[in-house]
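A.B. asks:
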Amino acid sequence: MSGLPILSLMLAIPMVAAILCLFLEARPARQVALAATLLDFALAVLMWTQFDIGGAQWQFVERADLFGRFQWALGVDGVAMMLVVLSAFLMPLCILASWESVKERVGLYMAMFLIMEVIMIGVFVAQDLLLFYIFFEGVLIPMYLIIGIWGGANRRYAAYKFFLYTLLGSVLMLLAMIAMIREAGTTEIPVLLNYDFPPEMQTWLWLAFFASMAVKMPMWPVHTWLPDAHVQAPTAGSMILAGVLLKMGSYGFLRFMMPMFPDASAQFMWLIFGLSMVAVIYTSLVALVQSDMKKLIAYSSVAHMAIVTAGLYAFNQQGIEGALIVMLSHGVVSAALFFCVGVIYDRLHTREIDRYGGLAVNMPAYALFFLLFTMASIGLPGTSGFVGEFLSLAGLYEASSWAALACTTGIILGAAYMLYLYRRVVFGELTKDDVKAMPDLNPREWAIFVPLAAVTLWMGVYPESFLAPMRGDVTTVVARLAPTKPAGDAQLAAARPKAAATGDAHHAGGVQ
Amino acid sequence: MTADLALIWPELILTIGGLVTLLLGTFGGDRRVGLYQFASLLTLAVGAAAVVALFGTQASVFSGTLAVDDFGGFAKLIIYAASFVCIAIAPRYFGEGMRAEYSALIVFATLGMGIMAASRDLMTLYIGLELNSLGSYVLASFMRGDDRSSEAGLKYFVLGALASGFLLFGISLLYGFSGTTDFAGIARAMGGGINIGLLFGIVFVIAGLAFKISAVPFHMWTPDVYEGAPTPVTTLFASAPKVAAMALLVRVVIDAMGSAGPALAAWQQIIIFLSLASIILGAVGAIGQKNIKRLLAYSSINNVGFMLIGLAAGTQQGVEAVLTYLLVYVVTTIGAFLFVMQLRDADGRMVESIPAYAGLSKRQPGLAAAMAVFLFSLAAIPPLFGFWPKYLVFEAAVNAGLVPLAVAGVVVSVIGAFYYIAIVKTMFFDDEADAVIRNDGSRIEGAVIGVSALWLSVIGYLFIPMLAVAAAGAASVLF
Chain A
77 MSGLPILSLM LAIPMVAAIL CLFLEARPAR QVALAATLLD FALAVLMWTQ
127 FDIGGAQWQF VERADLFGRF QWALGVDGVA MMLVVLSAFL MPLCILASWE
177 SVKERVGLYM AMFLIMEVIM IGVFVAQDLL LFYIFFEGVL IPMYLIIGIW
227 GGANRRYAAY KFFLYTLLGS VLMLLAMIAM IREAGTTEIP VLLNYDFPPE
277 MQTWLWLAFF ASMAVKMPMW PVHTWLPDAH VQAPTAGSMI LAGVLLKMGS
327 YGFLRFMMPM FPDASAQFMW LIFGLSMVAV IYTSLVALVQ SDMKKLIAYS
377 SVAHMAIVTA GLYAFNQQGI EGALIVMLSH GVVSAALFFC VGVIYDRLHT
427 REIDRYGGLA VNMPAYALFF LLFTMASIGL PGTSGFVGEF LSLAGLYEAS
477 SWAALACTTG IILGAAYMLY LYRRVVFGEL TKDDVKAMPD LNPREWAIFV
527 PLAAVTLWMG VYPESFLAPM RGDVTTVVAR LAPTKPAGDA QLAAARPKAA
577 ATGDAHHAGG VQ
Chain B
5 MTADLALIWP ELILTIGGLV TLLLGTFGGD RRVGLYQFAS LLTLAVGAAA
55 VVALFGTQAS VFSGTLAVDD FGGFAKLIIY AASFVCIAIA PRYFGEGMRA
105 EYSALIVFAT LGMGIMAASR DLMTLYIGLE LNSLGSYVLA SFMRGDDRSS
155 EAGLKYFVLG ALASGFLLFG ISLLYGFSGT TDFAGIARAM GGGINIGLLF
205 GIVFVIAGLA FKISAVPFHM WTPDVYEGAP TPVTTLFASA PKVAAMALLV
255 RVVIDAMGSA GPALAAWQQI IIFLSLASII LGAVGAIGQK NIKRLLAYSS
305 INNVGFMLIG LAAGTQQGVE AVLTYLLVYV VTTIGAFLFV MQLRDADGRM
355 VESIPAYAGL SKRQPGLAAA MAVFLFSLAA IPPLFGFWPK YLVFEAAVNA
405 GLVPLAVAGV VVSVIGAFYY IAIVKTMFFD DEADAVIRND GSRIEGAVIG
455 VSALWLSVIG YLFIPMLAVA AAGAASVLF
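Here the protein sequences line up with chains A and B, keeping their order. Everything in the first sequence is counted per my numbering, starting at 77 for the first residue and increasing by one. Everything in the second sequence is counted per my numbering, starting at 5 for the first residue and increasing by one.
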């Protein structure tokens, strides 16, 4: 794959399309945006197929000394590549999802989404600390505008809250980055990954990064911006927010905090476990009492991301691999669930759960897809959710059985709130006249649901396709963490991570 | 002496050009304003060319009272360019009220600013500063018939005179206790330790200069003067004199007080206080503002605070950061004030109230987008280029060991972001206001807005290597 600068190309295509969209009328703007995102997805798939599993850690590396103090340095390892594929996969679906629902200032809307794509891919492929920060923060502007212009009734407040909350977290990280650059004398991420910062410095750096990543994730108790942002954002905005933006936080944990500050990571393990335990239980309980569908799914996102953090901080192969699968799975499933809400919102213009009921009668296809994604969110074997949650909880159990206990309870609560939601919306009597009049899925909605459903099942039945490129990177992180890893409280026999992961996957497939 | 004259070509050109403009105005009357404008623009362009020609020269002329170096050159180029824009945009704003003195006064004020940036003696410092101030006082009240303009001029004059008093008192103390007005001589005198007299001198000189850069607590005039002065003049106040005064402050602090030695702790803590106070008050004070010019005044106070973080570091890296910051800030500010000048209501009056911008992005998408770029850039949100200078000042502060200052700075910058995004909210999220707003800007103004917005978007990052070389060359002169 030498020669073709595939990563730069993946950034350039949506950028050019975004500029073009600003000057186009509604119809051509939609078409340009769809074409650009599909092209980007094709490139992402090409990259996936060309990725050399077991090869160099960093592949598709590009380097250009454009900025003097820092570089245009791009490259992916397996984890980053999968997240890039996820972003590129969701983007055309988001464009399709807003095909009809967005009627005002379509050119600007499409341009903002394309810029979002540039930024999201940029975050995952940046190999320079400052370049990473620029992309990481850059997401604020398009998201602020998307929520604020095309959002719901209380969009201004939600947009402010999203912007200021995330900004406050990030600025401290910037100072930490400055200190790191000063200490290590380089901005290159691959070098910094193997630089040993003094342990007492790590504590501060870790805390500064934590401030940023915890807000982005979001972790309890700094999650409060998320329900507001989700509820007010347009459907596609929620899809991308839940699907990819939240993954930036967990990507930051895995890429920066764990390998760069191993001592501090071990030192703060209790904090992560504690917050994750609270988050899983608390947000699940909060989700149970929501009357707004989007809010419910937003709280479920917080709970799922807490399982990610807990799995990552298990410091072992299973836990981290599981967390990564939860990230990918949640990216697909939560986007799908938000789209499920979007579909009926477009028809009835309300997110109140009580306004619906009995949809299984007049919208059977919709009910089927909604059921699939509900089950995936719960973690039913055969869906992507199961693989991720099982692996991360198994890994977590090795590190701390109490944390595993709390997080597993969260999964039971997850089943409760999701099934309760499903029952109220889809089952029951079809009594309301306006609900009766709602037509089933149209071809455009089919075109969005089918790929999402296919990937959910694929990841559930044969997760090895997704795990294989990431396994080497996880091993590297685990090795980096090994010297400082605290002993777990579970007295297990020596783990065989690789065999276990494959075995589980096959097992899951067998059940299905 | 003759050799010295060859090194101050920029100042000579400006002096002659300003006088010629004034003479032309005296004999030509107010009808041929285009001619005076052209004469002054030509003067500034030729002056800038002379500055460029002198790049790389390092000398001090007239018995060491004036420096000819890259630091002054860097500052002068920004100053001349800002003044150039402020003259070019004036005729459309003033219409019939445009008079010959406007161009001449700006040229003279610019001359004063150039001297400020180049001075290395307390006397030239004061002459430059007063030359600039006298021009500025008249310019602030240029619209004689307008109450707010007259008030702005008067306020600026009274408070400016007070500040000059502070400065002169400080100068006399420094001279009295060090026996010289030469920066290098003062630095030598301070090298052996500072006594109470020198300390008071430092405090009063910095206070006088803080007035000029409108750092808190010497900022009170800024919102009123910015609001009252005609917008092209406000554009000038917010850009060129800031550069000159900041360059002067850097020179006084680094050259006369020293970046090492006993005076460091004395001036550093004053600068740190000014910096934090400006950042906080600039951020908090802006929140309730309804007038865009007042808001930009608070924004400039806030930005000056960030520049002072770089200066507080007291290192070459810090000075480089200040210079880069100045350049980016001037581009942003000029863009933002040009935006303010574009919009008129149905009666042809300028629209300066922020609520009137509601829904602007629907009617004037390009203009609103450019303003959004300026605002996000002022808030230092990457990927816009306004992020870069802020990064540099924080980097300088962290590397100089001023971590608490940097932490306080970044945290307060989030408060600052609030009011910038509030304007974006008004323009993009709110429903359209009833008042008809039309854009009757000229093509030239539109082009300046467009180019500065483009430069402040990601394109600016490509200029970092160039900027870094220029700023490093300029800052290295002082160390």
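Glycine included, each C-beta is placed from N, C-alpha and C at the ideal position.
1) Using DSSP's beta-bridge definition, name the partner residues of W148/A.
2) Could you check whether the Cβ of F238/A sits closer than 8 Å to any Cβ belonging to chain B?
3) Identify the contact partners of V247/A in chain B, using a Cβ-Cβ distance below 8 Å as the criterion.
4) Closest Cβ-Cβ distance between Y220/A and chain B: below 8 Å?
5) For G261/A, decide whether its Cβ has a neighbour in chain B, counting only Cβ atoms nearer than 8 Å.
6) So, under 8 Å CB-CB, K371/A and S314/A are touching, yes? Tell me the CB distance rounded to an integer number of Å.
7) Quick check on this structure: which residue in L115/B, E356/B, I12/B has the alpha carbon closest to the alpha carbon of A71/B?
8) Relative to chain A, which residues along the region 277-294 of chain B have a C-beta separation below 7 Å, given in chain order?
9) Please check the pair A340/A and T279/A, which I expect to be a contact at CB under 8 Å, by giving their CB distance rounded to whole angstroms.
10) Report yes if the C-beta distance between A260/B and G322/B is below 8 Å; otherwise report no.
11) Could I get the ranges of all uninterrupted alpha helix (DSSP H) runs contained in the region 482-535 of chain A, with 4 residues as the minimum, in chain order?
12) Skipping 5 residues on each side, what residues in its chain have a beta carbon closer than 7 Å to that of F66/B?
13) I'd like to know if L243/A contacts chain B, where contact means its C-beta is closer than 8 Å to some C-beta of that chain.
14) What residues in its chain sit with their C-beta under 8 Å from that of L163/B, if we drop five residues either side in the sequence?
15) So, under 8 Å CB-CB, F542/A and I401/A are touching, yes? Tell me the CB distance rounded to an integer number of Å.
16) Considering only their Cβ atoms, is the gap separating L171/B from V209/B smaller than 8 Å?
17) May I ask you to list, following chain order, the residues of the region 260-287 of chain A that have a beta carbon less than 8 Å from some beta carbon of chain B?
18) Taking F143/A as the query, report the chain B residues whose CB atoms sit under 8 Å from its CB, ordered along the chain.
19) Which residue from I429/A, A355/A, P440/A puts its Cα closest to that of A480/A?
20) Exposed or buried, G490/A, counting other C-beta atoms within 10 Å across all chains shown (16 or more means buried)?
21) Would you kindly check if the distance between the Cβ of F445/A and the Cβ of A529/A is under 8 Å?
22) Give me the DSSP bridge partner(s) of E428/A.
23) Taking the alpha carbon of I448/A as the point to measure from, which residue in G464/A, M439/A, T459/A, N438/A has its own alpha carbon closest?
24) Could you spell out where the alpha helix (DSSP H) holding S64/B opens and where it closes?
25) Rounded to the nearest angstrom, how far is the Cβ of G157/B from that of L135/B, given a contact under 8 Å?
26) Taking the C-alpha atoms as reference points, what is the distance between S377/A and P310/A?
27) When the Cα atoms are used, what is the spatial distance from F208/A to Q320/B?
28) Cβ atoms of R556/A and G335/A: under 8 Å apart, would you say?
29) Here's the rule I'm using: 16 or more other beta-carbon atoms within 10 Å means buried, otherwise exposed. How should M127/B be labelled?
30) Counting contacts by CB-CB distance shorter than 8 Å, is V411/B in contact with chain A?
31) Quick one: list the residues of chain A neighbouring V323/B, beta-carbon separation under 8 Å, in chain order.
32) Alpha carbon to alpha carbon, how far is V452/B from A472/B? Give it in angstroms, no decimals.
33) Using alpha carbons as the reference points, say which of V308/B, L327/B, L26/B lies closest to F42/B.
34) Is DSSP giving L70/B helix, strand or coil here?
35) Would you list, in sequence order, the uninterrupted alpha helix (DSSP H) runs of no fewer than 4 residues that lie entirely inside the region 84-168 of chain A?
36) Cβ atoms of F398/B and L388/B: under 8 Å apart, would you say?
C.D. replies: So, from the listed chains and residues:
1) DSSP output for W148/A lists A140/A as bridge partner(s).
2) Not an interface residue.
3) V414, V415, S417, V418, listed in chain order.
4) At a cut-off of 8 Å between beta carbons, Y220/A contacts chain B.
5) No, because no Cβ of chain B sits closer than 8 Å to the Cβ of G261/A.
6) 11 Å between Cβ atoms; not a contact.
7) Selected option, being the one with the closest Cα: I12/B.
8) Listed in sequence order: no entries.
9) Right, their Cβ atoms sit about 5 Å apart.
10) Not in contact: A260/B and G322/B (Cβ atoms no closer than 8 Å).
11) Complete alpha helix (DSSP H) runs here, min 4: 509-512.
12) Excluding sequence neighbours, F66/B sits near D8.
13) Yes, contact with chain B.
14) F215, M224, W225, listed in sequence order.
15) Their Cβ separation, rounded to whole angstroms, is 7 Å, which keeps F542/A and I401/A in contact under 8 Å.
16) Yes. Within cutoff.
17) The residues in question: there are none.
18) Taking a Cβ-Cβ threshold of 8 Å, the residues of chain B close to F143/A are Y465, L466, I468, P469, in chain order.
19) Out of I429/A, A355/A, P440/A, the CA that lies nearest to the CA of A480/A is found in A355/A.
20) Classification for G490/A: buried.
21) One thing to note: A529/A has its Cβ within 8 Å of the Cβ of F445/A.
22) The partner list for E428/A (beta bridge, DSSP) reads D368/A.
23) Per the sequence shown, residue 448/A should be read as Leu rather than Ile. The alpha carbon of L448/A has as its nearest neighbour, out of G464/A, M439/A, T459/A, N438/A, the alpha carbon of T459/A.
24) Taken as a continuous stretch (DSSP letters only), S64/B belongs to no alpha helix (DSSP H), being part of the beta strand (DSSP E) at 63-65.
25) About 17 Å; that fails the 8 Å criterion.
26) Rounded to the nearest angstrom, the two C-alpha atoms are 17 Å apart.
27) CA-CA distance, F208/A to Q320/B, rounds to 27 Å.
28) Correcting the residue type first, residue 335/A is Pro in the shown sequence and not Gly. With contacts defined as CB atoms closer than 8 Å, P335/A and R556/A qualify as a contacting pair.
29) With fewer than 16 other beta carbons inside 10 angstroms of its own, M127/B counts as exposed.
30) Interface residue, yes.
31) In chain order: nothing, as chain A lies at least about 16 Å away.
32) Their Cα atoms are separated by approximately 24 Å.
33) Of V308/B, L327/B, L26/B, the residue nearest in Cα terms is L26/B.
34) Here L70/B sits in strand by DSSP.
35) DSSP runs (the alpha helix (DSSP H)) wholly in the region 84-168 of chain A: 102-126.
36) Here L388/B is not near F398/B, since their CB atoms are 8 Å or more apart.
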